[in-house]
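Counting the sequence shown from 1 gives a position; the numbering used here is that position plus 1. Don't be surprised by glycine CBs; every beta carbon is placed ideally from N, CA and C. Remember, it's a predicted structure, so these values are computed and weren't measured experimentally. Structure first, commentary second.
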Amino acid sequence: MSIIKGQATFEFTIPCLKKIEGKSFYSPIFSTADNMFWQLEYQPNDPEDSHCCLVFLTAIPNPEEAISTQFWSDRANVEASLFMKTSSYNKSYIMTTHDYSIRGKSWGR
2 MSIIKGQATF
12 EFTIPCLKKI
22 EGKSFYSPIF
32 STADNMFWQL
42 EYQPNDPEDS
52 HCCLVFLTAI
62 PNPEEAISTQ
72 FWSDRANVEA
82 SLFMKTSSYN
92 KSYIMTTHDY
102 SIRGKSWGR
């Protein structure tokens with residue numbers, strides 16, 4: 002499997018917090034390169050800190066990755082930038098696929 006060098010953008014709007022209270026919300030699966038798929042998970046409340054939310058970038062295996070672990074190392078070379086904003090708060094975070102999640106103050110309730 003080869004990774005295409007470059008940049009891809011995916012934008013997704015999370016519904017009103019009242020509609021997803023106490024639940025995780027998942028974006029549609031999206032692709033950043035040929036045969037490279039991802040999904041975002043948003044949790045409005047961090048169980049460890051009620052002033053934070055949780056965001057996870059999850060790799061979705063393509064057919065090659067599903068049958069062998071040798072291709073998963075390619076994912077470690079991919080860097081992702083997450084930009085989150087609300088009408089009152091705007092902050093960006095840089096993360097790599099080695100990170101499990103991002104906690105951001107003021108994103109939760």
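Judged by DSSP in its simplified three-state form, I15 adopts coil rather than helix or strand. For the 8 Å CB-CB criterion, S32 and Q40 do not form a contact. Taking a contact as a CB-CB distance under 8 Å, the pair F72 and E66 counts as one, their CB atoms being some 5 Å apart. Counting along the chain, E49 sits inside no alpha helix (DSSP H), nor does DSSP assign it H or E at all. Membership of A67 in the alpha helix (DSSP H) is indicated by the continuous run P64 to I68. The alpha-carbon separation between D50 and Y43 amounts to approximately 15 Å.
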